[in-house]
Every structure is written in structure tokens, then in C-alpha cells.
Amino acid sequence: DHQAGLMLFTGDIDPVHLKNNSIALAKVLKLHNIPVVLTAAAMGPMGPIGPIIPEIRELFPDVEPIYRTKINSWHDDRIRGAIEATGRKKVIAAGITADFCIGIPAKTMADEGYDVRLVMDASGNYSEMVLHASIANLTQAGVKVSNWLSVACELQQDWAIERTAKGLLEIYQQHLPQWGMLELTQNAWKANKKQ
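Residue numbers (our numbering): 1 to 195.
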């Protein structure tokens, strides 16, 4: 549920950072050819919570969002079927909000034997207090909590894997400002060293 209107309700992370992190995660998944299932609340793109942000939709133009009415999206046969069709038992999940929209299905999936990793910095909560309660609740239920950068590194595993290394560095440059500053510093150091 990375819908534009929902991003405005997050109180634990700035909506701009949430959007940045969500797009970064989506790019990482695309880079590693991870199957993606997009879901959204049934109010749809014309409702008050708006469409899935266009940057994510543009990354996956062939993935049609599944608009759901169930709070626990794992109980929606279309969503469950789409995830089961991937044949994977490891799931990387993110959404707004982490306490119920993505948290409840994540806990249900973990209970059914899936290895679920919920990406907290690409998810959102209404407050810091809800964030802390969500993390405790999720981890007690067997869901692993993570962040987009950690997921990116776990998928990459080795910088010698050239097929994805360059693309991941580009994602870092686009979505991790610290990386750009580090690169700038390193380039300046190299230039000064040559003098």
C-alpha cells in the first residue's frame, strides 16, 4: 500500500524519506529480478488515499495492482495466489502502515511458515510509539524487520557479482545521499593525492 495519500499520515518517518526509501527498495528488487506483487486499498487510485506512487508503478509497468477490501491481505485469494505463484517461501514486504496494513499479513504469513522480512524504512506508522510497538509485535510473531539498505546488501552478497554491483551503486547514488558525499570526498582525495 504505497499510496500517495497514506504517505502523508506517517509520523515515524518523513514522507519524503519514506518515498525515497520505498523507491530505492523497489529498484533493488527489480535489479535482482525479485517477483513483485503490488496491492492497494480498495478505495483505489481515485479514493482519498490516492494511487500507488507513480515511481513504483513505472518500475513495474506489467504488474497490475490488486485492490483489496480485506485488512489482512493474505486472506485475499488473489494476493495469496499471486505470492504463491512465485514459488518462493521468502517474502520481502513493505507498506503503509506497518502495524496493520502490512504487519497483519506479514505475521499471518510467518505463522504459515514463510520467511518474512518487513522493510521498516519503506513502511510507515502513525507515530514513533506505533513504530516501536509494531517492531516488538512483528518480531515476537517471527517476522524479521529490516531496512532497504540491509536488504540490498543481503541480496548483493558480494561486490564481485558484476551483474548487479554497478546497478546497486547507482541506486546508492540516487537514494543514499551519504554515499554521494563519500564518493565526492574519495574523488577529491584521489585528485589531491595526484598533485
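Even glycine gets a Cβ: it sits at the ideal position worked out from N, Cα and C.
- In its chain, beyond the 5 residues on either side, Arg80, Pro105, Thr108 and Met109 have a beta carbon closer than 7 Å to the beta carbon of Trp74.
- Here Asp1 is buried, its C-beta having at least 16 other C-beta atoms within 10 Å.
- In this structure, Asp121 and Trp148 form a Cβ contact; the two beta carbons are roughly 6 Å apart against a cut-off of 8 Å.
- Assignment of beta-bridge partners to Ser22 by DSSP yields no partner.
- Linking Phe100 to Gln186 through their CA atoms gives a straight-line distance of about 43 Å.
- Comparing C-alpha distances from Ala93 to each of Thr39, Asn33, Ile171 and Asp111 shows the shortest one belongs to Thr39.
- In the structure shown, the three-state DSSP call for Thr69 is coil.
- Just so you know, the alpha carbons of Leu8 and Glu162 end up roughly 38 Å apart.
- Around the beta carbon of Gly103, 16 or more other beta carbons lie within 10 angstroms, which makes this residue buried.
- Proximity to Ala24 across Ile53, Ile49 and Thr10 peaks at Ile53, based on C-alpha coordinates.
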